[in-house]
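In what follows, a single structure is set out as structure tokens and then discussed.
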Amino acid sequence: MHLQFMKLSKEIFNKLNSKTGQIAVLIDPEETNSVEKLQIIVEKAKFASVDYFFIGGSTVTRSDFQKTTSILKSLTDIPLVIFPGDHQQLSNDADALLYLSLLSGRNPEYLIGQHVKSAQEVIQLDLEIIPTAYILIDGGKQSTVAYVSQTTPIPRDNTQIALNTAIAGTLQGNKVVYFDAGSGANQPVDAQLIKQVKAQLETVTIVGGGVRSIEQIEALKSVGTNVIVIGNKIEEDIDFLLDIQNYKSKVLS
Numbered sequence: 010m011h012l013q014f015m016k017l018s019k020e021i022f023n024k025l026n027s028k029t030g031q032i033a034v035l036i037d038p039e040e041t042n043s044v045e046k047l048q049i050i051v052e053k054a055k056f057a058s059v060d061y062f063f064i065g066g067s068t069v070t071r072s073d074f075q076k077t078t079s080i081l082k083s084l085t086d087i088p089l090v091i092f093p094g095d096h097q098q099l100s101n102d103a104d105a106l107l108y109l110s111l112l113s114g115r116n117p118e119y120l121i122g123q124h125v126k127s128a129q130e131v132i133q134l135d136l137e138i139i140p141t142a143y144i145l146i147d148g149g150k151q152s153t154v155a156y157v158s159q160t161t162p163i164p165r166d167n168t169q170i171a172l173n174t175a176i177a178g179t180l181q182g183n184k185v186v187y188f189d190a191g192s193g194a195n196q197p198v199d200a201q202l203i204k205q206v207k208a209q210l211e212t213v214t215i216v217g218g219g220v221r222s223i224e225q226i227e228a229l230k231s232v233g234t235n236v237i238v239i240g241n242k243i244e245e246d247i248d249f250l251l252d253i254q255n256y257k258s259k260v261l262s
């Protein structure tokens, strides 16, 4: 069998790369897995012209992941991108898989171990595989992903290490760099870090964790962030999607 990702289209990657300031809503199947909850989110996300749903979590079971992915796929045609917390979080109901390598830590399990465990399953998936350098940045509190992966985030004020890690990940062949301050972070990733990355690299950038305001979205967009991921804020206040709709309307007008 030939590796499937060598033959697949680059539709989702090209969309990621097409512009800055795109919005992804992160769905954690451990928190949101019923038709009723998902339907409300989907309806408001569609109204807000959300660009993607990302799906995944650090402690999600395979059954919850597959159930939630299947429900989402049945409810919307907004692209569905897997943001996996471990090797079990895979589904053909999605459109793409961010194939994450956790480069900010030094735990081999998340550099290559999880990938080996899922290799045979991944190459049989009928979806787009996008190699992604995953970099944790300290967001002011210990995140679940840092705890589960037993890795230490890069200090928020040490942009040079974060920048060098992004460069190294790109040189290794990763097509996307994902900076994450972690779920429920007190502070999002500093926009100035993205500005430095964009000055040195032609790469797709995704930023998540701790984004809670339109002002933060604007700041990240202004420095060239391709996709901004919103998670906890929408779980706490789903009407934030209305603010996003107003913001996107102004940007497009």
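Numbering (the numbering used here), first residue to last: 10 to 262.
Don't be surprised by glycine CBs; every beta carbon is placed ideally from N, CA and C.
All values derive from a computational prediction rather than experimental measurement.
(message) Among Ser18, Ala171, Ala200, whose alpha-carbon lies nearest the alpha-carbon of Gly114?
(response) Comparing C-alpha distances from Gly114 to each of Ser18, Ala171, Ala200 shows the shortest one belongs to Ala171.
(message) Going by the DSSP bridge assignment, what does Asp189 pair with across the sheet?
(response) Answer is Leu145, Gly217, bridged to Asp189.
(request) Have a look at Gln129 and Val260 and give me their C-alpha separation to the nearest angstrom. (result) About 43 Å.
(request) Look at the alpha carbon of Phe56 and the alpha carbon of Val206, and state the distance between them as a whole number of angstroms. (result) Distance between the alpha carbons of Phe56 and Val206 is about 32 Å.
(request) Ignoring anything shorter than 3 residues or poking outside the segment 66-117, list the beta strand (DSSP E) runs there in chain order. (result) List check, beta strand (DSSP E) in window: 89-91, 105-111.
(request) On a CA-only basis, which of Gly30, Lys46, Ser27 is nearest Glu245? Give me that one, please. (result) Residue Lys46 is the option with its Cα nearest to Glu245.
(message) Quick check on the burial criterion: 16 or more other C-beta atoms within 10 angstroms. Buried or exposed for Tyr156?
(response) Its Cβ having fewer than 16 others within 10 Å, Tyr156 is exposed.
(message) If you reduce the DSSP assignment to three classes, tell me which class Ile64 lands in.
(response) In the structure shown, Ile64 falls within a strand segment according to DSSP collapsed to helix, strand and coil.
(message) Strictly by DSSP, which residues pair up with Leu35?
(response) When beta bridges are read from the DSSP output, Leu35 appears opposite Phe63.
(request) Could you tell me how far apart the beta carbons of Ile243 and Val44 are, in whole angstroms, since I believe they sit closer than 8 Å? (result) 18 Å between Cβ atoms; not a contact.
(message) Does Glu137 come out as helix, strand or coil in the three-state DSSP assignment?
(response) Looking at Glu137 - three-state DSSP - the assignment turns out to be strand.
(message) Checking 8 Å against the spacing of the C-beta atoms, do Gln196 and Gly148 come in under that value?
(response) Contact flag set, yes.
(message) Taking the beta carbon of Ala208 as the centre, do at least 16 other beta carbons fall within 10 Å, making it buried, or is it exposed?
(response) Counting Cβ neighbours within 10 Å, Ala208 comes out exposed, since fewer than 16 surround it.
(message) Check whether the segment 95-102 and the segment 59-74 are in contact - that is, three or more C-beta pairs closer than 8 Å.
(response) Here the segment 95-102 lies against the segment 59-74, with 3 or more beta-carbon pairs under 8 Å apart.
(message) On the DSSP bridge list, what partners appear for Val232?
(response) The partner list for Val232 (beta bridge, DSSP) is empty, contrary to what the question assumes.
(request) Alpha carbon to alpha carbon, how far is Ser258 from Leu109? Give it in angstroms, no decimals. (result) Approximately 32 Å, taken between the alpha carbons.
(message) Given this structure, state the Cα-to-Cα distance separating Leu111 from Tyr143, to the nearest angstrom.
(response) Take the alpha-carbon of Leu111 and the one of Tyr143: they are about 5 Å apart.
(message) What residue range does the alpha helix (DSSP H) around Ala160 cover?
(response) First, the residue type needs correcting, since residue 160 is Thr and not Ala in the sequence shown. Where Thr160 is concerned, there is no enclosing alpha helix (DSSP H), given that its DSSP letter is neither H nor E.
(message) For Asp248 and Asn235, I'd like the C-alpha separation in whole angstroms.
(response) Between Asp248 and Asn235, the alpha-carbon positions lie close to 23 Å from each other.
(message) Per the DSSP calculation, Val238 is bridged to which residue(s)?
(response) DSSP, once it has assigned bridges, lists Ala33, Gly217 as partnering Val238.
(message) So, with DSSP's three-state summary, where would you put Ala194?
(response) In this structure, Ala194 counts as coil in the three-state DSSP scheme.
(request) Return the CA-CA distance between Thr179 and Ile32, expressed in angstroms with no decimal places. (result) Roughly 23 Å separates the two Cα atoms.
(request) Counting only the same chain and skipping the five closest in sequence on each side, list residues whose C-beta sits under 7 Å from that of Ile267. (result) Nothing in the structure corresponds to residue 267, since the chain is present only between 10 and 262.
(message) Can you find the residues in the same chain that come closer than 8 Å, C-beta to C-beta, to Leu81, ignoring five residues on each side of it along the sequence?
(response) Excluding residues within five positions, the ones whose Cβ falls inside 8 Å are Ile36, Leu47, Val51, Phe62, Ile64, Leu89, Asp102.
(message) Checking 8 Å against the spacing of the C-beta atoms, do Val186 and Thr212 come in under that value?
(response) Cβ atoms of Val186 and Thr212: closer than 8 Å.
(request) Pull up the CB-CB distance for Asn42 and Lys76, whole angstroms please, since I reckon it's below 8 Å. (result) Between Lys76 and Asn42 the Cβ distance is about 6 Å, and since that is below 8 Å, they are a contact.
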